[in-house]
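Colleague: The end of the sequence shown is residue 975 by this note's numbering, with every number in the run present.
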Amino acid sequence: MSDPLIGAFAIIALFVLVLGGVHIAFSLMAIALIGMYLLSENLELTALLASNAAFGGVRQYVFVVIPLFILMGAFMSNSAAAHHLFAAAQIGLRRMIGGLGIATVFANALFAAVTGVSAASAAIFSRIAVPEMLKRGYDLRLAVGAVAGSSVLGILIPPSLLLILYGVIGQVSIGRLFLAGIIPGLLLAVFYVVLIVVLGYTRPEWVGKVARESRRRRAEVSASVGGSRSSELAIGDGPNSHFVAEVSAVSRNPAARIMATVPVLFLFAAVIGGIWLGWYTPTEASAIGALGALIIAVGYGMRKDRMIESFRETAASIGAIMLLLIAAQMYSKMLSRSGLIFELGGWLQSINLGPYVVIALFVVVLLLMGSILDSSSIVLIMVPVMVPVALMLELDPIWFGIVMIIAIEIGVLTPPFGMVPYVMSAVLKPRVSVGKIFIGASPFVFCNLLLLVLVVIFPELATWLPNQA
507 MSDPLIGAFA
517 IIALFVLVLG
527 GVHIAFSLMA
537 IALIGMYLLS
547 ENLELTALLA
557 SNAAFGGVRQ
567 YVFVVIPLFI
577 LMGAFMSNSA
587 AAHHLFAAAQ
597 IGLRRMIGGL
607 GIATVFANAL
617 FAAVTGVSAA
627 SAAIFSRIAV
637 PEMLKRGYDL
647 RLAVGAVAGS
657 SVLGILIPPS
667 LLLILYGVIG
677 QVSIGRLFLA
687 GIIPGLLLAV
697 FYVVLIVVLG
707 YTRPEWVGKV
717 ARESRRRRAE
727 VSASVGGSRS
737 SELAIGDGPN
747 SHFVAEVSAV
757 SRNPAARIMA
767 TVPVLFLFAA
777 VIGGIWLGWY
787 TPTEASAIGA
797 LGALIIAVGY
807 GMRKDRMIES
817 FRETAASIGA
827 IMLLLIAAQM
837 YSKMLSRSGL
847 IFELGGWLQS
857 INLGPYVVIA
867 LFVVVLLLMG
877 SILDSSSIVL
887 IMVPVMVPVA
897 LMLELDPIWF
907 GIVMIIAIEI
917 GVLTPPFGMV
927 PYVMSAVLKP
937 RVSVGKIFIG
947 ASPFVFCNLL
957 LLVLVVIFPE
967 LATWLPNQA
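#1: I'd like to know if the segment 854 to 863 and the segment 517 to 536 are in contact, where contact means that at least 3 CB-CB pairs between them fall below 8 Å.
#2: Please go through the same chain and pick out, in chain order, the residues whose beta-carbon is closer than 6 Å to the beta-carbon of Met582, but skip the five residues on each side of it.
#3: Can you look up Tyr786 in the DSSP assignment and give me helix, strand or coil?
#4: Looking at the unbroken alpha helix (DSSP H) that takes in Met808, where does it start and where does it end?
#5: Ends of the alpha helix (DSSP H) at Ser537?
#6: Does the Cβ-Cβ distance between Asn954 and Ile912 come in under 9 Å?
#7: Please classify Ala866: is it buried, with 16 or more other beta-carbons within 10 angstroms of its beta-carbon, or exposed?
#8: Using only the alpha-carbon positions, how far apart do Ala766 and Ile608 sit?
#9: Hey, could you find the ends of the alpha helix (DSSP H) Ile486 is sitting in?
#10: Taking Cβ positions, are Met898 and Phe817 nearer each other than 9 Å?
#11: Roughly how many angstroms lie between the CA atoms of Gly807 and Ser585, to the nearest whole one?
#12: Return the bridge partner residues of Tyr644 from the DSSP annotation.
#13: How far does the alpha helix (DSSP H) with Ile597 in it reach, from first residue to last?
#14: Are the beta-carbon atoms of Ala833 and Val889 separated by less than 9 Å?
#15: Cutting at 6 Å between CB atoms, please list the residues of its own chain near Tyr786, excluding the five before and the five after it.
#16: Determine contact between the segment 949 to 963 and the segment 902 to 920, defined as no fewer than three beta-carbon pairs at a distance below 8 Å.
#17: By Cβ distance, which residues of its chain are closer than 7 Å to Pro903, with the 5 residues on each side in sequence left out?
#18: Please go through the same chain and pick out, in chain order, the residues whose beta-carbon is closer than 6 Å to the beta-carbon of Val929, but skip the five residues on each side of it.
#19: Is the separation between the beta-carbon of Leu648 and that of Val938 shorter than 9 Å?
#20: Find the nearest neighbour of Trp970 within the set Pro690, Glu790 and Phe950, judged by alpha-carbon distance.
#21: Under 6 Å Cβ to Cβ from Ser838, same chain only, skipping five residues before and after it: list those, please.
#22: Report the residue ranges of all alpha helix (DSSP H) runs contained in full by the segment 937 to 968; include only those spanning at least 4 residues, in chain order.
#23: Roughly how many whole angstroms lie between the Cα atoms of Gly825 and Lys641?
#24: Does the pairing of the segment 699 to 716 with the segment 592 to 607 give three or more beta-carbon distances under 8 Å?
#25: Taking all protein chains shown into account, decide if Ile572 is buried (16 or more other Cβ within 10 angstroms of its Cβ) or exposed.
#26: Apart from the five residues on each side of it in sequence, which residues of its chain come closer than 6 Å, Cβ to Cβ, to Ala803?
#27: Could you work out which residue in Met542, Ile801 and Ser881 is closest to Pro769 when comparing CA atoms only?
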């Protein structure tokens with residue numbers, strides 16, 4: 507059997523194992539070891555290659571960025587940051603058509619950007635924003651769709667865990683990837699806002715306009731007979747329920763609402779702005795971000811038990827991620843040694859499909875994988891295959907990374923196994939089924955598709971900001 511054929515069978519076998527329910531890390535390691543042995547036909551050489559790949563996979567200085575950014579996100583998730591952001595975003599928006607939906611997009615976009623994990627944003631804002639929108643008469647589909655759509659902005663807006671994984675495995679500058687994700691991420695947030703406004707004007711009953719008018723008439727009748735009743739803003743419950751009283755008090759004062767968000771805005775600007783201006787590396791920025799998030803979280807009232815939980819969550823995440831990265835490095839080394847990537851790149855060059863057709867083929871593969879695998883698994887499996895081919899075709903790896911992340915972003919919102927709707931369903935059960943969340947997220951998926959097309963046609967959307975650094 508030829509070496510490239512061994513590499514091809516390795517990819518097929520990997521999909522069989524993963525779809526069969528074998529953990530992605532064990533699948534990658536098993537296929538890598540078997541492939542290395544078939545390529546070398548020497549057990550000692552196989553063990554040496556595997557140990558070198560494992561050791562080299564996690565000893566790089568850049569790997570420090572992963573635990574520190576995860577810790578930064580954990581501190582934010584276990585504090586009142588999301589509550590304050592949502593309360594502040596409602597200023598000047600609640601009375602607009604679709605105002606609460608727009609506030610959800612803004613608050614969730616910033617929170618997802620700071621945490622870098624879409625699942626955390628989806629879970630927290632399912633508790634905070636969905637009940638509030640339903641109370642204000644919003645249609646269930648729009649309420650869950652706005653939360654689901656805005657949650658995935660954290661995959662694109664830095665510091666994103668997927669961008670870090672892509673940079674580490676593909677050996678691409680993480681700092682430049684962070685900068686490349688800013689404009690597409692903000693543009694996607696604008697698309698979401700436009701969608702909500704359009705739905706507000708074309709389907710006013712979806713954004714509570716009919717319900718508000720009905721409540722206003724009831725209030726007028728109540729006032730005419732000498733009585734009135736006001737309702738307080740419901741901010742949510744869940745693990746951070748002890749923050750509700752504090753945030754409710756702040757919510758009565760618009761100036762206090764805005765001031766409560768300043769630390770989070772400053773932290774985001776300090777982390778990303780410092781990288782852009784060249785003041786420090788992404789690794790140093792992660793340390794600054796983690797320390798700043800700890801200070802902010804304590805200022806927001808994070809208790810000792812939630813602080814310990816933040817470290818516990820980070821340790822659990824790091825253990826799993828490091829195992830995955832070691833397995834991915836072994837798998838990548840095996841594929842490189844097989845020569846399959848060189849053969850594939852040469853074949854694509856020989857048939858002269860053109861870069862757009864190649865990108866379209868890659869995107870189709872990523873979208874199909876996104877419907878059956880989680881986002882991290884897709885990055886670990888496909889970056890070793892796609893990035894070398896993209897480099898052989900002289901595609902910009904920074905731009906290609908953003909295209910890849912957007913395609914994966916679409917996958918986490920689409921059935922049958924999109925991660926974000928399942929997280930939200932677990933939080934909102936038994937009231938909201940996962941099917942309803944998939945339906946509600948579908949208009950936001952079209953926004954992501956539009957962004958994907960624009961980034962492919964206009965690469966400058968992803969490359970302009972990194973080129974200014």
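Glycine is no exception: its CB is placed at the ideal position from the N, C-alpha and C atoms. The structure presented is a predicted model; accordingly, all values stated were derived computationally and were not measured.
Modeller: Reading from the atomic positions:
#1: Result no; under three Cβ-Cβ pairs closer than 8 Å.
#2: Indexing the sequence shown from 1 puts residue 582 at position 76. Excluding the 5 residues flanking it on each side, Met582 has same chain C-beta neighbours closer than 6 Å at Val620, Thr621 and Ala799, in chain order.
#3: The residue labelled residue 786 in the question sits at position 280 within the sequence shown. Coil.
#4: As a first step, residue 808 is located in the sequence shown; it is residue number 302 there, counting from the start. Neither: Met808 is in no alpha helix (DSSP H) and is coded neither H nor E.
#5: In the sequence shown, residue 537 corresponds to position 31, counting from 1. Residue 537 is actually Ile in this sequence, not Ser. That run of the alpha helix (DSSP H) goes Ile530 to Ser546.
#6: Numbered from its first residue, the sequence shown carries residue 954 at position 448. Numbered from its first residue, the sequence shown carries residue 912 at position 406. The beta carbons of Asn954 and Ile912 sit closer together than 9 Å.
#7: In the sequence shown, residue 866 corresponds to position 360, counting from 1. Classified as exposed, Ala866 has fewer than 16 neighbouring CB atoms from the shown chains inside 10 Å of its CB.
#8: On the sequence shown, residue 766 is found 260 positions in, with the first residue counted as 1. On the sequence shown, residue 608 is found 102 positions in, with the first residue counted as 1. Going by the C-alpha atoms only, they are around 19 Å apart.
#9: A query on residue 486 cannot be resolved here, the shown segment of the chain reaching from 507 to 975 and no further.
#10: Your numbering for residue 898 matches position 392 in the sequence shown. Your numbering for residue 817 matches position 311 in the sequence shown. The Cβ atoms of Met898 and Phe817 do not sit closer than 9 Å to each other.
#11: As a first step, residue 807 is located in the sequence shown; it is residue number 301 there, counting from the start. As a first step, residue 585 is located in the sequence shown; it is residue number 79 there, counting from the start. So the alpha carbons of these two residues sit roughly 7 Å apart.
#12: In the sequence shown, residue 644 corresponds to position 138, counting from 1. Tyr644 pairs with Val713.
#13: Against the sequence shown, residue 597 aligns to sequence position 91. Unbroken run through Ile597: none, as it is neither H nor E.
#14: By one-based count along the sequence shown, residue 833 stands at place 327. By one-based count along the sequence shown, residue 889 stands at place 383. Remark: C-beta atoms of Ala833 and Val889 do not approach each other more closely than 9 Å.
#15: The sequence position of residue 786 within the sequence shown is 280, counting from 1. Only Gly780 meet the Cβ criterion.
#16: Counting C-beta pairs closer than 8 Å gives three or more between the segment 949 to 963 and the segment 902 to 920, which meets the contact rule.
#17: Residue numbering aside, residue 903 sits at position 397 when the sequence shown is read from its first letter. If the five residues before and after Pro903 are omitted, its C-beta is found closer than 7 Å to the C-beta atoms of Gly676, Val678, Val893, Ala896 and Leu897, all from its own chain and listed in chain order.
#18: For the purposes of this step, residue 929 is taken as residue 423 along the sequence shown, with counting starting at 1. Cβ neighbours of Val929 beyond the five flanking positions: Ala625, Ala628 and Ala629.
#19: Stepping through the sequence shown from its first residue, residue 648 is reached at position 142. Stepping through the sequence shown from its first residue, residue 938 is reached at position 432. Result no, Cβ atoms of Leu648 and Val938 do not sit closer than 9 Å.
#20: As a position in the sequence shown, residue 970 is number 464, starting the count at 1. Ranking Pro690, Glu790 and Phe950 by CA distance to the CA of Trp970 puts Pro690 first.
#21: Translated into positions along the sequence shown, residue 838 becomes position 332. By the criterion of a C-beta distance shorter than 6 Å, Ser838 is surrounded in its chain by Pro890, once the five residues flanking it on both sides are discounted.
#22: Entirely contained in the segment 937 to 968, the alpha helix (DSSP H) runs reaching 4 residues are, in chain order, 940 to 963.
#23: Within the sequence shown, residue 825 is the residue found at index 319, counting from 1. Within the sequence shown, residue 641 is the residue found at index 135, counting from 1. So the two alpha carbons sit approximately 41 Å from each other.
#24: With the cut-off at 8 Å, the segment 699 to 716 and the segment 592 to 607 touch.
#25: Reading the sequence shown from its first residue, position 66 is the one you call residue 572. With 16 or more other Cβ atoms within 10 Å, it is buried.
#26: Indexing the sequence shown from 1 puts residue 803 at position 297. Hits under 6 Å: Phe581 and Ser585.
#27: Against the sequence shown, residue 769 aligns to sequence position 263. Residue Ile801 is the option with its Cα nearest to Pro769.
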